[in-house]
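Q: Mapping of the sequence shown onto the numbering used here: position 107 corresponds to residue 116, and the numbering continues sequentially without gaps.
For glycine and all other residues, C-beta sits at the position ideal for the given N, C-alpha and C.
Please read all numbers here as calculations on a predicted model, not as lab measurements.
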Amino acid sequence: MTTRTRTAATSQLLAGGALIAGTLAGAPVLRRRYNRWGATDEELARPMPGDELVVDPRLTYTRAITIDAPPEDVWPWLVQYGQGRGGFYSSDAVENLIGCDIHSTDEILPEHQHLAVGDLIRSGGRDTFPCWIVMQVEPPSTLVLQGAGTPAEVDVPEVVDQVPERGYVASTWQWILEPVDDGRRTRLIVRQRCTYSPNQSVLWHVIEPLNFVMERKMLLGIKARAEAA
Numbered sequence: 010m011t012t013r014t015r016t017a018a019t020s021q022l023l024a025g026g027a028l029i030a031g032t033l034a035g036a037p038v039l040r041r042r043y044n045r046w047g048a049t050d051e052e053l054a055r056p057m058p059g060d061e062l063v064v065d066p067r068l069t070y071t072r073a074i075t076i077d078a079p080p081e082d083v084w085p086w087l088v089q090y091g092q093g094r095g096g097f098y099s100s101d102a103v104e105n106l107i108g109c110d111i112h113s114t115d116e117i118l119p120e121h122q123h124l125a126v127g128d129l130i131r132s133g134g135r136d137t138f139p140c141w142i143v144m145q146v147e148p149p150s151t152l153v154l155q156g157a158g159t160p161a162e163v164d165v166p167e168v169v170d171q172v173p174e175r176g177y178v179a180s181t182w183q184w185i186l187e188p189v190d191d192g193r194r195t196r197l198i199v200r201q202r203c204t205y206s207p208n209q210s211v212l213w214h215v216i217e218p219l220n221f222v223m224e225r226k227m228l229l230g231i232k233a234r235a236e237a238a
């Protein structure tokens, strides 16, 4: 690792750590704001593909960003994300602090431009890290993922009417790309819906603000790459 790389990683850690600490501390007050970051009232209220996978979420958010590039130019960055693929365009140094082995690219990778239903997207380099399974993919507009346990033991939760007291979690990661301004720009909308057993409540209320910090940077990272390209 070069001196410049080490300096950049240290800066990422310091900036990411400060944002995470501030968001955690302010979560009770900021929660409504960060769970609708960038999204309009209409975007919050509308149904999205994948909503049916978690019928009654305990936690949910909808976030959005406008990108000065058409959907077909944004899609290649979205479809290639994941560990061992294009990375997450967020704070690699923060993710790698817990061993995720993420290396976000600034290039479109031809070998990672095709996803199919049933494909897995990893969050970390080891089989103990969670993964997502592709539930719906329609280029260049729709990508729906569902939490599926770990790559070593893929377990897609069933849609349930009553959540068990222990040991259950179901979550989605839903992405929509919509053309705006006669197709010259893109509205990128992301939603998560999550339900879990009551014994996991504290865990998920800690994860929620952490997720915001990382996903906000991811949205900005996709925007910067698509606009630069």
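In this structure, does DSSP put residue 68 in helix, strand or coil?
A: Residue state, collapsed to three classes: strand.
Q: Specify the secondary structure class of residue 199 as computed by DSSP and reduced to three states.
A: strand
Q: Any heavy atom of the ligand NAP closer than 6 Å to the Cβ of residue 204?
A: With respect to the ligand NAP, the structure offers nothing, as it holds no ligand at all.
Q: How would you call residue 136, buried or exposed, if buried means at least 16 neighbouring beta carbons within 10 angstroms?
A: exposed
Q: Starting from the Cα of residue 139, find the closest Cα among 151, 159, 72 and give me that residue.
A: 159
Q: Using DSSP bridges, identify the partner residues of residue 145.
A: 153
Q: I want to know whether the region 205–212 touches the region 38–55 - three or more CB-CB distances under 8 Å.
A: no
Q: Does the Cβ of residue 181 have 16 or more other Cβ atoms within 10 Å, making it buried, or fewer, making it exposed?
A: buried
Q: Go to residue 83, then tell me how far its beta strand (DSSP E) extends in each direction, as first and last residue.
A: Where residue 83 is concerned, there is no enclosing beta strand (DSSP E), although the alpha helix (DSSP H) it sits in stretches over 80–88.
Q: Pick helix, strand or coil for residue 111, following the three-state DSSP scheme.
A: coil
Q: Please report how far the alpha carbon of residue 202 lies from the alpha carbon of residue 102, in whole angstroms.
A: 27 Å
Q: Helix, strand or coil for residue 173? Go by DSSP, reduced to three states.
A: coil
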